[in-house]
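Written below as structure tokens is the structure these notes are about.
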């Protein structure tokens, strides 16, 4: 019942109204950024201990985007908070309609292990900006970062405002039994379904940031060297443990052989030094590594395929001659294995992508605007890039989120503020006149009403 008491303490503080004040929100965001800056070296060390990310990679993918998110939010928050006046309908002459962004109350944020710092703190920025209290649950699979986050937040905020709760699955289960005002979850599709089911018992609104099999399409007119470089980087960054990493490639048959050679070359160029220095990201758990090792049976290895179980590391691997029905294609890989397929027509691409659940991300490499349009407008996916990978999630100006099985809701920038806000509608009615039409009945009234509500 300790979680009930914590949630109720936060709800009581929320009812005091302090969190709704702009100056309060601004101060808390500034405190958060100051704490991150002050503890940057400790946070980088924690991420290193959990995932073996180099200092540069951890800053690029964890701390840097978080700084940017806070800076962007501080710059625009006052404007986001302003009530919005809307147009008046002919049936409401004399009145004024206004919408207000109101915080939900107490939010539960459940973070994953693959980007354990950014994916815990970035949603928190939105929750604070919108005026909520929050309980943050980091992943137990990245314990060093979880402890670092708990220490940072506990030293920066009072627990009746922001509090970290650590622990394994039973802690998450206990938290999900509580009637929170909002739940924000980042993780797997399977656990996302559990979260949504738990939320439904209290009719709690949720954002689910999930995953899926995100394709990258390399058309025959693509700039192959650049495509190979950007795909290799996006796929093998963090040992492929990225929700928007390209999960498989569809390469036009006319450039397939050339592209595979370029992809091998670019992969070695980008990651060989890190591998030699022992700085390539490790797989989060033995269970996950064993699962990835099994996938190696599903195709011909043209690069990589080697792993070291004692340090939980698998190196960048490219598979060819993979069956669409193979286990590696039945679920999100979430590791440094990249299956490659060929296609002859874009109709084949459309069919193959549609056969699977809507992906979180999609990437297309082409110089042809018609091809860009056909792919980006003809297929359903959360978000993506033309002639790049992964980078769409790193800007606060684009909403980030999934669709269908890859998730529901979005965040980053203003979308984070909106996600953690209820849009309350208020009609301010005039008292100078009181039109009698709505109080009367009869044929004349009906005629006038029909004209009014055209």
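Numbering (this note's numbering), first residue to last: 157 to 610.
We put the CB at the ideal spot given by N, CA and C, even for glycine.
Between the CA atoms of residue j and residue i - distance to the nearest angstrom
i           : j           : result
residue 412 : residue 498 : 7 Å
residue 402 : residue 372 : 6 Å
residue 569 : residue 517 : 19 Å
residue 493 : residue 274 : 24 Å
residue 617 : residue 271 : In the structure as shown, the chain begins at 157 and stops at 610. Residue 617 is therefore absent and cannot be evaluated.
residue 185 : residue 311 : 14 Å
residue 377 : residue 496 : 18 Å
residue 219 : residue 195 : 11 Å
residue 213 : residue 248 : 56 Å
residue 533 : residue 506 : 11 Å
residue 226 : residue 490 : 28 Å
residue 174 : residue 319 : 17 Å
residue 171 : residue 192 : 28 Å
residue 400 : residue 558 : 10 Å
residue 277 : residue 589 : 51 Å
residue 449 : residue 439 : 11 Å
residue 591 : residue 601 : 12 Å
residue 297 : residue 166 : 27 Å
residue 443 : residue 325 : 16 Å
residue 235 : residue 255 : 14 Å
residue 477 : residue 392 : 20 Å
residue 200 : residue 176 : 33 Å
With 16 other Cβ atoms within 10 Å as the buried cut-off, status of residue i
i           : result
residue 537 : buried
residue 615 : Examination of residue 615 is not possible in this model, given that the chain is present from 157 through 610 alone.
residue 385 : buried
residue 258 : exposed
residue 480 : exposed
residue 279 : buried
residue 287 : buried
residue 571 : buried
residue 309 : buried
Member of the options whose CA lies at the smallest distance from the CA of residue i
i           : options            : result
residue 524 : 542, 513, 236      : 542
residue 488 : 345, 504, 380, 550 : 345
residue 422 : 380, 449, 246      : 380
residue 521 : 404, 476, 374, 407 : 374
residue 556 : 293, 254, 263, 282 : 282
residue 395 : 355, 362, 441, 366 : 441
residue 238 : 547, 577, 603      : 577
residue 397 : 366, 420, 424      : 366
residue 484 : 405, 176, 252, 564 : 405
residue 327 : 158, 276, 584, 222 : 158
residue 162 : 256, 199, 262      : 262
residue 169 : 297, 206, 315, 236 : 315
residue 562 : 382, 343, 331      : 343
residue 368 : 515, 531, 567, 210 : 515
residue 535 : 280, 512, 356      : 512
residue 204 : 509, 393, 437, 503 : 437
residue 549 : 222, 188, 504, 201 : 222
residue 198 : 305, 291, 236, 228 : 305
residue 231 : 552, 595, 531, 416 : 552
residue 435 : 206, 190, 164      : 206
residue 333 : 317, 348, 356, 390 : 356
residue 293 : 323, 504, 317      : 323
residue 228 : 245, 189, 253, 216 : 189
residue 584 : 265, 244, 407      : 244
Same chain, Cβ closer than 6 Å to residue i, five either side skipped, listed in chain order
i           : result
residue 409 : 498, 500
residue 474 : 458, 459, 494
residue 482 : 454
Three-state secondary structure (DSSP) of residue i
i           : result
residue 398 : coil
residue 371 : strand
residue 251 : coil
residue 566 : coil
residue 314 : coil
residue 579 : strand
residue 172 : coil
residue 609 : coil
residue 297 : coil
residue 272 : coil
residue 536 : coil
residue 453 : helix
residue 555 : coil
residue 263 : strand
residue 363 : strand
Same chain only: Cβ atoms within 8 Å of residue i, ignoring 5 sequence neighbours per side
i           : result
residue 233 : 178, 181, 182, 185, 285, 573
residue 303 : 202, 322
Cβ-based neighbour list, residue i, same chain, cut-off 7 Å, excluding 5 preceding and 5 following
i           : result
residue 466 : none
residue 586 : 250, 251
residue 353 : none
residue 526 : none
residue 470 : 395, 439, 445, 448, 463, 491, 492
residue 472 : 392, 423, 427, 459, 460, 492
Test: residue i CB closer than 8 Å to a CB of chain C
i           : result
residue 314 : Structure shown: chain C not included; a single protein chain is present.
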